[in-house]
Amino acid sequence: MAKVVVDAMAMQRALTRITYEIIEHNKGIDGLVILGIKTRGVYLAQRIASRLKQLENADVPVGELDVTQYRDDIEHDSQDTDPQVTVSKIDFPVTDKKVILIDDVLYTGRTIRAAMSAIMDLGRPKQINLAVLVDRGHRELPIRADFVGKNIPSSQQERIKVSVSEIDGHDSVEIIER
Amino acid sequence: MAQRFLILEDGSIYPGQGFGAGATTTGEIVFNTSMLGYQEIVTNQIYHNQIIVFSQPIVGSIGIAHDAYESILPTAKGMVVRDVTDISKNRQRSLSLDQFLKQHNIPGISGIDTRHLIRQINQTGTIKGSIVDVADDHAFDQLHATVLTNQQVAQVATPRPYPNPNQGYNVVVIDFGLKHGILRQLSKRDCNVTVLPWDASAQDVINLDPDGVLLSTGPGSPLDLPESVLDMIRTIQERIPLFAIGLGHELFALANGSEITKLKLSHQGANHPIRKIITNEIIYAMESEEYVVDPDTINRDRLITTYLDLIDGSIQGLRHRDYPAFSVQFFPDGAPGPNDSVDIFDEFIEIMGTRE
Amino acid sequence: MATEIQKILIIGGGPTEIGHETELDAACVQIIQALKKYGIRSLLIDNNPFSAALEDVQPANMFIQAVTADNVQRIIEKEHPDAILATVGGVTAISVIQELQENGVLADNEVQTLGIPADAMMDINNPDRLNDVMRNVGMPVIASETVGTLDEAINVANKIGYPVIVKPIAPRIDTNRMLCETEADMISAVSRGLSWSRFKQCVIEQSIVGYKEIELVSMRDTMGTQVLVAGLENIDPIGIHSGDSMVVTPTLTLSNAEYEALRDTAFAINNQFRFTGVVHTHFALRADGESFYVTKVTPYNDRGTSLAATATGYPIAYVAASLYLNQKLTDVHLPDIYHFKQTALLEPSLDHVVVRIPLWPFEDVTNADQHLGTVMKSVGSTIGVGRSAEEAILKALRSSQFSPQDELPSMSNLTDTQIISQLIHPLSNRILVLLEALRRGYQVDELNELTKIDPFYFVKFKHILDIEEDIRMHPMTIDALHEGRYYGFGDGMIARMWQTDIDQVRQLGRNNQISPTYKGIEPSAGELQDLPTAYYSTFELENESEQLSDKTILVLGRGGNQLGPNASADYFTTEMLKQLRKSGYQTVIMNTNPNAGSLTATLSDKQIIDPVQLGDIMNVIGIEHPVKIFVPGNRHYLTRELRRRDYSISILPPDQEKRSELLNDHANIGLDLFVAEDHIVPILASDLRSDQGIATTLDQITLMRTPATLTDQQLDKILAHAKEYLGAHKRTGMVQMLYTTNGKQAPQFAGVRPTRLTTIAYLNKVTGINWVRMLVRQALGELDEDLIAKWAVDIYSDRRSQVRGTFPFKQLQLPDQLGLTTQEVGARISFETF
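Residue numbers (full-length UniProt numbering), protein chains in the order written: chain A, 1 to 178; chain B, 1 to 356; chain C, 1 to 834.
Have a look at this one:
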């Protein structure tokens, strides 16, 4: 049983709103860099960067973080293994930058913790903010998102499936009962 | 139908047949190129003081419908049309456009070369006119002597607050002469609405502890409203998510340091492509612009331009850089006009959602 | 991907038939123009001898072949086009592409489809799959099931309940829907439907007869930007094929909320299928407006898109061509003559009303059932443009009559029983019957109940009758003349009502300044100041149409398409316009056929969409003062009346008036010749046949085949005879000498007749010389020795070719019968192989 909780239009709106919130929060886009967490976070990062470009007529650098992890939507044996950042594509310095970290779903928080460690290894940013399309709760670490597309209270029996048109052919967020 | 005349300040005379009320009225001549929705247009309070020229060739063909009122007591000064058809489609078969206008003392005149009139107004710019029984010197003297009120908002906005209760977000609508489409859209989204008079203070608003505030559409120039309205907006936008439409948008721009210019010729219609800048999408919406934000005066440290008309280049939307406050010049409620931008109301709801 | 496109194979519309006429070819012409601008080479396959588009491609890019999957495949394999375009080829083209997609030819040759994505291609003519898509986007769908056998059909129909609609899946012809009240009807419809379906399948669905039928025409680019060009409202309800329905644009009886809901739905569907270019979406609305269904989605050019283009001035096909190439709607640049230079993004807003009325084949095919239903029967249509519904209705009605004398036939001889019967089971003359019913006192509500036509239209019809009565009661009065003209009555009609002649009426108008005012047909409703090239007349304050030049030629278009020579008349008119412009004249065309290629804005300097009737023509003359009036084909009454008023008239082809001189009503050899002042140039000798073999009368000759079965000696003999005969009998232009022969014996002279328009089109294709243009140049006095010397006509050529008329018998559900020239709906041409 899959239920669409965010349709294409709503996803567009969520990204638009997050974009404005980023501008509001950072008083503009000076010193901003965006890092998307693979796979879907990268596409969301690119969309937000393109929105910022439309509004401010300036390029905000976008990098990719590849976090090897259990996926939220795949059965896994152990949640004890923390994800590791393996390959990244970040061809700009992060030191003294305001980093916006972007992921599709915020769940236990372990992915974000791993991502933050990886960023710290690259340099010392001025600040890190987190933007997620969906916050589904059930945090295991003291992490919270600064910008949330949609809060979707969910049970751990459910899984959240995010589709983006770049690779899935359409935009949506679905709740799937296991 | 009796012969009547539309006379203009520049001396031109258009003979036609009267319908609706037999009143003699004077107003600013504006034309609307929408192809549908004559009822929504004539009942919109933005046309207070104005005589509306319809480019749609036929009005009246679907009568008057219960779900197409944009206000219950319309105050437009007249309808100028090529052809009116006397049809009632409500259950009692008892309310045609003609009867409706009679009830509200609004005159109409048909058989007018509206295309010529529109092309003429294009040349002269906005101009005053009267619908009269006799087009003599006296009528022209009256026309020239008439000074249209600039207190339009006070005349059409509600004088006292009223509620439209529901279960959802608590929204305060400041009424500058609102169109019902706004209430309909909020109602569809379960908002618990309180409508406050146009001169409500920031404290009046804050007392109701709203999740969001909406500045409504309305008639006339934003420059005719007192500074206190702008103060209210400046106070509110810092604390409460704010959404402004039409006249509300113009006030929002003024409150944030932009200037407003009066167009030589107003544009009323739903056929111009509007670019939504953030995504580059093209949308269509009912536009009613007589006063627009002067793009050169926008303080870019405070405001971001969000929508742009691709035909005339006018600013169609703004957003505050520091607060969740935004506005559109066009009418996103689709009454009449396309629904392409109706989800701006969802944006408003979602913004309120993040502030919970 | 699409940016690399350099070569496009365009699938033409094939011969005119019921379901499509010149609109496909007209769209094709515009698309070729646009592609040329982008430096793209267009290949075109078509076997329609009346195709103007074939004139616009180089001979090397022209494939005069039937539009079949095999032929298209052969061209693909030989020419390796980058892309294939099916959107100007009607259902045949779609069906061909579907086949080539299924058998892998497109993929193997890396040919991409334009406009309709490959995965959508299979869905669009399949009601079942369309319903699936509707469900996906959350639209209500009509109860329906697919069947492959009669037994299944009976079961399903019983389950859904009669009446039911039967629709063949992926039909080879434009069939639309068949309404079945009973099981017997249904069995017959399913049997036919299965035979028309490429998959031998039909859909049986719940009947929505009586619903209001609305069509929207929209444009979409690859970015997903969309523009709504027009809404078309069928005055007749569902149950009458939209091609047979009276149609009005803009929609006049929808609320804003209803209209916008349809717009949202059309856009959602376009997005779902990711169409680019033009899409024509059909809807059925319940009378109370509470619910609606999508009944058909056609993402290609058709009569709906061409009506929308003509009514709004929005160059749909031209813009669509740009969109196929991944241009964005925001970036499309239109040719200068399109006044709304802003962008292709301005949504048309109309300040006029356009009414389309169908034209019927029943005068010529007298044994056909004239009842209107779900299978299309009309062969053409004509439009009226006005500032009021009355004016638009009357103008369309005036143009739709056979009588040349601007009058409407009377229905007063019908009995009341007949009236009621025809209100419920309408015939082709339904609008006249509706008027007659009102005349007899039927009430609006009653008529609405019987016909399901919106009361608004009866109010308008009633008003027309009131005005008519008013005119009749006040002969030769200024007010009555003004009122009549203001609401669209023709001077001829008014003259008849006043029992006077048209000159008296016009004199009264002139003396009292009741003058026509021409209004631009443009999409901004007067908001933007640029003036268009298309106009219609009305009687108001401001006239926007000024005299073009002192070297203007007025061309009288043939109006709506009908059976017989008219099928080729639009091709003829189009070529005429091109030559007149080339010869340095400004051109004004009057026409009323929304599908006509000759109304394409780029072909003439001004287009007047008004009835081609005496009064209206004289109104145009009053402004343009043309140096000459060209009449393609002949319209005896009009040319006689215009000549009587000392206007300079050129009828082309000339000598139409001289008609034929026949010794015999039978011939089997034709020799076409061009006759100039001092030259008699033989063009082609051919065998003349009927569609089914030997023609026993001249009007059975609907097939020409060349070379003629003549020995060289026989040919020389008739050449000599023809030259001698034509030397002695003064004729000009093009003539066909007729002979009979039984093979061995010397051909016997049977007579001479003007070359038919149909034949001229064929001669153009066979000889590669454009004879229409030569006739125009002859009429302009431009033919000279040098030019004639350049005509390289090889009368002895053994290149094999034929042209053969096509007939509407199948669509009219008549048994195959011997077709007559007057019954030709189109023609097909072939070379080499028969």
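C-beta: ideal position from N, C-alpha, C; glycine also.
Residue environment, residue i, which counts as buried when at least 16 other CB atoms sit within 10 Å
i, result
"A:S78", "Residue confidence for A:S78 is low, a pLDDT of 47 falling below 50, so the modelled location carries little weight; the figure read from the coordinates is stated next. Exposed, because fewer than 16 other Cβ atoms sit within 10 Å of the Cβ of A:S78."
"residue 359 of chain B", "Since the first residue shown for chain B is 1 and the last is 356, residue 359 of chain B is missing from the structure and cannot be characterised."
"B:G125", "exposed"
"B:P336", "buried"
"B:K264", "exposed"
"C:A93", "buried"
"C:A184", "exposed"
"C:L787", "exposed"
"C:Q745", "exposed"
"B:H272", "buried"
"B:K77", "buried"
"C:G138", "exposed"
Any chain A beta carbon closer than 8 Å to residue i
i, result
"B:P273", "no"
"B:P324", "yes"
"B:N280", "yes"
CA nearest to the CA of residue i, picked from the options
i, options, result
"C:T732", "C:L334, C:L673, C:L715", "C:L673"
"C:I431", "C:V147, C:L372, C:A53", "C:L372"
"C:N271", "C:D454, C:Q226, C:I788, C:A189", "C:Q226"
"C:S322", "C:K790, C:K36, C:S650, C:R799", "C:K36"
"B:L73", "B:I51, B:N105, B:D86, B:K89", "B:N105"
"B:N32", "B:I46, B:D333, B:D133, B:Q3", "B:I46"
"C:Y585", "C:N591, C:T592, C:M576", "C:M576"
"C:E469", "C:Y762, C:E449, C:L438, C:G564", "C:L438"
"B:A65", "B:N90, B:Q268, B:L247, B:E227", "B:N90"
Straight-line gap, residue i to residue j (C-alpha atoms, nearest Å)
i, j, result
"B:V229", "B:S201", "8 Å"
"B:Y323", "B:I351", "11 Å"
"A:V67", "A:R113", "10 Å"
"A:A10", "C:L130", "26 Å"
"B:N44", "C:S245", "36 Å"
"B:T306", "A:G36", "25 Å"
"C:R640", "C:E436", "32 Å"
"C:H280", "C:V217", "5 Å"
"C:S242", "C:I75", "35 Å"
"C:I651", "C:E205", "52 Å"
"B:T114", "B:V80", "7 Å"
"C:K159", "C:M186", "13 Å"
"C:I8", "C:N326", "14 Å"
Any chain B beta carbon closer than 8 Å to residue i
i, result
"A:L55", "yes"
"C:Y259", "yes"
"C:K519", "yes"
"C:G12", "no"
"A:V60", "no"
"A:Y43", "no"
"A:E24", "yes"
C-beta neighbour in chain C for residue i, strict 8 Å
i, result
"B:A253", "no"
"B:Q3", "no"
Any non-hydrogen atom of the ligand GTP closer than 7 Å to residue i Cβ
i, result
"C:A268", "You won't find the ligand GTP in this model; it holds no ligand whatsoever."
Measuring CB atoms only, is the region 110-120 of chain C touching the region 269-283 of chain C, in the sense that at least three cross pairs come out at less than 8 Å? Touching, per the Cβ criterion.
Counting Cβ pairs, one atom from each stretch, are 3 or more of them under 8 Å apart for the region 291-298 of chain B and the region 252-266 of chain B? Between the region 291-298 of chain B and the region 252-266 of chain B there are three or more inter-stretch CB-CB distances shorter than 8 Å, so the stretches are counted as touching.
Are the region 37-50 of chain B and the region 134-145 of chain B touching by the rule of at least three beta carbon pairs closer than 8 Å? No: the two stretches stay apart, fewer than three of their Cβ pairs being nearer than 8 Å.
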